[in-house]
Every structure is written in structure tokens, then in C-alpha cells.
Amino acid sequence: MSKDHWPLCIKERKRIESLGGYIDDGYLNDQLGMKEINGKGEPLSAEPKIKLITLTKEDEFFIIGNDGI
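For the sequence shown, position 45 (counting from the first letter as 1) is numbered 1145 according to the working numbering, and the numbering increases by one without interruption.
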């Protein structure tokens, strides 16, 4: 499972601003309403934050979703 990098989250906003980016009405640098700036100051990163979980016999199903589809 991954963690979203929404610019409206306080921690993500501070990280973006520390790299020279800015958030205006939820948009990153007036262009994108999503994701993150990496340490090189590029507007997006394809590197997800991943969380692994172990499925057990009690788990009946697994759902995969993405807001980019």
C-alpha cells in the first residue's frame, strides 16, 4: 500500500516549500494538483512510498485502486 503525497497535507506542503516549490489553491507551482517534488527540485517523482502488508487466510479479498486511472 502506498501513501498519498497530496500538497494540501501540512507535512507535504512544508517539504515542497523547503525545495523551492509552492502550493496555490491545492496546485503545485500553479500547474499540478498532485504529488511531490524530489530533492532535485523536479516537480514530480515516480517513486511511491510503499507499505507492505501480509495477507492471511482470514483475508477474503484485496482491492487495488488508483485515482490516476
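All residues carry an ideal CB built from backbone N, CA and C; glycine is no exception.
Around the beta carbon of Ile-1116, 16 or more other beta carbons lie within 10 angstroms, which makes this residue buried. Contact between Leu-1155 and Phe-1162 holds, since their C-beta atoms are separated by about 7 Å, short of 8 Å.
A direct Cα-Cα distance of roughly 44 Å separates Asp-1159 from Gly-1120.
Here Ile-1110 carries a helix assignment [DSSP, helix/strand/coil].
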